[in-house]
Amino acid sequence: MEYDYEKLKMTGKVSSEALEYAKSVIKPGRKLLDVANEIEKFIEDKGCKQSFPVNLSSNAEAAHYTPEFTDQRVVGEKDVIKVDLGARDGTYLTDCARTVCLDGEYSKLVEASEKALENAISMVKAGRRVNEIGAEIERTAKAGGFNVIKNLGGHGIEQYELHANIFIPNFGNGDNTELEEDSVIAIEPFLTTGVGHVVEGESLQIFQGVSDRNPRSADARDALSHITSEFSTYPFAMRWLIKKMGSQEFKARRAIAELITIGDLEPFPVLVEKSGGTVAQSEKTLIVTKDSCDIVT
Ligand code: MN
Ligand code: MN
87 MEYDYEKLKM TGKVSSEALE YAKSVIKPGR KLLDVANEIE KFIEDKGCKQ
137 SFPVNLSSNA EAAHYTPEFT DQRVVGEKDV IKVDLGARDG TYLTDCARTV
187 CLDGEYSKLV EASEKALENA ISMVKAGRRV NEIGAEIERT AKAGGFNVIK
237 NLGGHGIEQY ELHANIFIPN FGNGDNTELE EDSVIAIEPF LTTGVGHVVE
287 GESLQIFQGV SDRNPRSADA RDALSHITSE FSTYPFAMRW LIKKMGSQEF
337 KARRAIAELI TIGDLEPFPV LVEKSGGTVA QSEKTLIVTK DSCDIVT
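Numbering of the sequence shown is given in my numbering, commencing with residue 87 and proceeding in unit increments.
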């Protein structure tokens with residue numbers, strides 16, 4: 087079947103509207119859980135599903151923080167929050183992010199990440215080497231006095247698959263892979279006041295079904311059938327599964343642990359800047375054209 091670029095663009099429009107909306111609901115003192123639920127509802131009300139759970143990673147957290155089922159965390163006065171989300175229609179996925187900075191303290195960092203994305207996008211065209219894009223992102227970061235996070239980067243997006251075939255570095259990594267005309271990619275500079283490396287942290291709330299080997303326990307089998315029917319092979323949040331399983335949090339947790347052990351689920355723990363540096367991220371999905379690109383989100 088022909089790739090439906092119009093469908094992709096529709097989800098892209100919903101995604102960018104959701105990012106705008108996110109900015110209006112992130113306020114000091116508000117619960118991150120309420121904010122995440124409201125943003126996900128916004129996307130659903132527009133007739134879309136989620137490409138993945140809304141990520142609301144704060145300060146030194148770079149990615150993969152999504153609230154727990156009973157998360158009590160609130161937005162702090164000076165928080166730097168990366169809102170990373172994507173609307174999905176069927177198998178068409180988008181992925182975009184902005185950083186909401188509530189206090190002026192990190193506005194230079196946030197602006198530098200936006201500038202890095204803008205500069206990177208201006209270089210996109212068929213045949214462009216990913217290494218050149220990475221080098222431009224790093225050059226922009228350094229000009230602002232910041233480091234890039236080297237072990238995070240952009241990626242290709244295909245139907246069904248959020249992270250497909252191509253990796254777009256945030257620094258000149260020597261990779262001469264060329265962008266292909268008509269391919270869908272996400273570019274996502276991560277800039278930091280720290281050393282520029284992320285490691286796995288404690289919070290683990292996002293998972294993706296990767297296999298359907300039959301688990302031993304009845305609870306894990308129950309969880310797996312919900313995951314397969316509700317989330318298919320797209321990333322999901324623990325809080326989504328707990329709701330589907332009738333709000334039995336401990337059962338869902340135990341089931342997920344079993345499904346990870348037997349290799350049915352891939353876990354995505356929160357990624358934290360190693361030296362505790364504050365992180366800003368900007369991301370857009372785009373379609374590579376012969377001479378430039380079509381911005382989707
Ligand atoms: Mn991405
Ligand atoms: Mn993203």
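Ideal placement from N, C-alpha and C gives every residue a C-beta, glycine not left out.
Taking 3 residues as the minimum length, the beta strand (DSSP E) runs contained wholly in the stretch 183-271 are 240-244, 247-254, in order along the chain. Straight through space, the alpha carbons of T383 and T180 are spaced by roughly 7 Å. As the crow flies, the alpha-carbon of P353 is around 15 Å from that of A306.
Around the Cβ of S208, a 10 Å sphere holds fewer than 16 other Cβ atoms; the residue is exposed. The beta-carbon separation of A272 and T371, rounded to 5 Å, stays under the 8 Å limit for a contact. Shown here for V100: same chain residues with a beta carbon closer than 7 Å to its own, the five before and five after excluded, namely I129, K132, C134, A173 in chain order.
Boundaries of the alpha helix (DSSP H) harbouring S101: 91-111, taken from the DSSP string. A183 has its Cβ nearer than 6 Å to a heavy atom of ligand 2. Contact between S368 and Y151 fails: their C-beta atoms lie close to 17 Å from each other, not under 8 Å. Separation of V358 and V140 (C-alpha to C-alpha, rounded to the nearest whole angstrom) is 17 Å.
In the displayed model, R174 falls within a strand according to three-state DSSP.
When C-alpha distances from N300 are compared across I346, H249, N217, the shortest belongs to I346. Shortest Cα-Cα distance from G260 to any of G220, R225, V270 involves G220.
Ligand 1 never approaches A198 closely enough for any of its heavy atoms to be under 6 Å from the residue's Cβ.
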